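Visitor: Got a structure for you, written out below as structure tokens; questions coming shortly.
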Amino acid sequence: MANHVSSLKRVRITERRTAVNRQRKSRMRNALRSLRRAIELKNLEEAAKLMPSTFSVVDRAVKWGIIKDNTASRYKSRLHKHIKALQAA
645 MANHVSSLKR
655 VRITERRTAV
665 NRQRKSRMRN
675 ALRSLRRAIE
685 LKNLEEAAKL
695 MPSTFSVVDR
705 AVKWGIIKDN
715 TASRYKSRLH
725 KHIKALQAA
């Protein structure tokens with residue numbers, strides 16, 4: 645265990661940031677899950693409604709450093725591809 649005051653402070657800060665990041669990552673996963681569920685159920689109206697908010701959450705996760713930029717791009721690209729396929733069908 646750390647003994648220096650600055651080390652103890654860093655431990656406290658890290659614990660708080662970890663909790664915040666865990667909440668933000670959970671929020672992102674829930675948004676992705678709900679959009680994927682709408683796509684799976686072929687509910688185009690629901691998917692189109694959820695898409696902007698989900699993409700916004702994913703972009704904010706990138707800004708906060710929770711996921712990497714390419715990961716966010718991959719998520720958005722794949723989801724958008726599925727929504728476009730629903731629209732075509």
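Add 644 to a position in the sequence shown, counting from 1, and you land on the number used in our numbering. For each residue, glycine too, the CB sits at the ideal point set by N, CA and C. A quick note: this is a predicted structure, and the numbers were derived from the prediction, not measured.
Does the region 685-705 come into contact with the region 713-720, if we say contact requires no fewer than three beta-carbon pairs (one atom in each stretch) closer than 8 Å?
Guide: yes
Visitor: Suppose you measure from the CA of LEU694 to the CA of ARG681; what does that come to, to the nearest Å?
Guide: 11 Å
Visitor: I'd like to check one pair, ILE710 with ASN665: are the Cβ atoms closer than 8 Å?
Guide: yes
Visitor: For a test of the three-state rule: what should DSSP assign to ILE710, helix, strand or coil?
Guide: coil
Visitor: Thinking C-beta only, is LEU676 closer than 8 Å to MET731?
Guide: It should be noted that the sequence gives Gln, not Met, for residue 731. No, Cβ-Cβ distance for GLN731 and LEU676 is not below 8 Å.
Visitor: Return helix, strand or coil for ASN665, following the three-state DSSP convention.
Guide: helix
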